[in-house]
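What follows is a set of notes on a single structure, which appears directly below.
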Amino acid sequence: MTFNIHQLTLNVADTLVCKDLTIRFNKNEICAVLGVNGVGKSSLLHHMIDCSSTSARQIVIDETPLNEYQHHRKKLAQKTGILLQEYEYYFPCTVLEAVLIGRHPYLSQWQWETQHDIEIAEYALRQTGLFELKERMIDTLSGGEKRRLNLATLFTQDPDYYLLDEPTNHLDLHAQITMLDLLKKHIQQKNKTAIMVIHDANLAYRYCDTALMLFGDGHWAYDSTKKLINPKNLERLYGCPITTLSNQKQTVFIPA
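Here's what the structure looks like:
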């Protein structure tokens, strides 16, 4: 079971996001997608599950080209799940009802959620610290609680491949660490794959196994985080001098 991109060239408006991008995302790994604002990180993430795009055949999920999922979208939703930067809930619902949306790819038309589906959703709420809020209306949640709700919904969906667009949005420092600790543990325990757009190179260095850098001119670089994330590459990526601070536990990158 693999997620492969082969010689993908992606243009968004006037931006060449990547040229001839070729990557194999491995099981039990988290890949960080890094780049400046507007470089096309989110666009690339969305393109990875757009089975109707003209280049969908260059993305292969479990030996099946993405374009072949066009008439099997439930199957695609069982294999891939995305956490968006922002969510809009158009109908009032409780926390539990919102999380149960993650089970929809496994239900037939007009089928109600089973007790098994509810147990999966409640377990995800426990994982994310929201179980005590399961009867709360979602419009009463804070921004951070809503972000955890989004992650719980993705856990409830339980796809093989997790695509996350800035999962630490709206979270304070403690909540960022808590969420990424939880995500990494979940990916490792369930042998999943995660591809994560993130702005903080230090969090990427700490939590991700590999990194993809998008330089804004079609050029890209992909390698293990320990090899790729260094002052030289970060200076090229962000256009400012970078230095490091290290102790026995960790290394951090800061503007020089």
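If you read the sequence shown in the numbering used here, its first letter stands for residue 111, the second for the next number, and so on. Ideal placement from N, C-alpha and C gives every residue a C-beta, glycine not left out. As the structure is a computational prediction, the values presented were derived from the model and not from experiment.
- Under a 10 Å Cβ-count criterion, Glu173 is classified as exposed, with fewer than 16 other Cβ atoms of the shown protein chains found around its own Cβ.
- The residue from Thr125, Asn121, Gln117, Leu281 with its alpha-carbon nearest to that of Arg134 is Gln117.
- When rounded, the separation of the alpha-carbon atoms in Lys256 and Gln358 is 35 angstroms.
- By the neighbour-count criterion, in which a residue is buried when 16 or more other Cβ atoms sit within 10 angstroms of its Cβ, Asp275 is buried.
- Less than 7 angstroms divides the Cβ of Leu235 from the Cβ of Ala262.
- Here the segment 264 to 278 lies against the segment 295 to 311, with 3 or more beta-carbon pairs under 8 angstroms apart.
- Between the alpha carbons of Lys184 and Asp227 lies a distance of about 16 angstroms.
- Contact check for Leu243 against Val205 passes: the beta carbons are separated by less than 7 angstroms.
- In the DSSP annotation of this structure, the continuous segment of the beta strand (DSSP E) that includes Ile171 starts and ends at 169 to 171.
- As computed with DSSP, Glu139 is found in a beta bridge with Thr303.
- Met111 sits exposed, since fewer than 16 C-beta atoms from the chains shown fall within 10 Å of its C-beta.
- The secondary-structure analysis by DSSP pairs Ala331 across a beta bridge with Met323.
- Taking a 10 Å sphere around the C-beta of Arg213, we find 16 or more other C-beta atoms and assign the residue as buried.
- In terms of Cβ geometry, Val143 and Val307 form a close pair [threshold 7 angstroms].
- Around Ile248, the same chain offers Tyr199, Pro202, Cys203, Thr204, Val205, Ala208, Lys256, Leu259 as residues with beta carbons nearer than 8 angstroms, after the five sequence neighbours per side are excluded.
- The DSSP-derived three-state label of Thr112 is coil.
- For Ile171, the closest of Leu292, Pro269, Ala231, Gln221 by C-alpha to C-alpha distance is Pro269.
- By the C-beta criterion, the segment 311 to 329 is judged to be in contact with the segment 344 to 352, since at least 3 inter-stretch pairs fall below 8 angstroms.
- Excluding residues up to 5 positions away in sequence, Thr204 lie with their Cβ nearer than 6 angstroms to the Cβ of Glu245 in the same chain.
- CA-to-CA, the gap between Ala331 and Leu338 works out to about 8 angstroms.
- Contact check for Thr238 and Leu283: beta-carbon distance about 18 angstroms, past the 8 angstroms limit, so the pair fails to qualify.
- Assignment of Phe201 by DSSP, reduced to helix, strand and coil, places it in the coil class.
- Annotation for Gly253: the continuous alpha helix (DSSP H) segment containing it runs 253 to 267.
- Bridge partners of Ser356 according to DSSP: Thr361.
- Scanning its chain for C-beta atoms nearer than 7 angstroms, with the 5 sequence neighbours on each side dropped, one finds around Glu139 the residues Thr303, Asp319, Thr320, in chain order.
- Boundaries cannot be given for Leu176, as no beta strand (DSSP E) includes it and DSSP labels it neither H nor E.
- Setting aside the 5 residues that flank it on each side, Lys129 is surrounded in the same chain by Thr119, Gly328, each with a C-beta closer than 6 angstroms to its C-beta; the list follows chain order.
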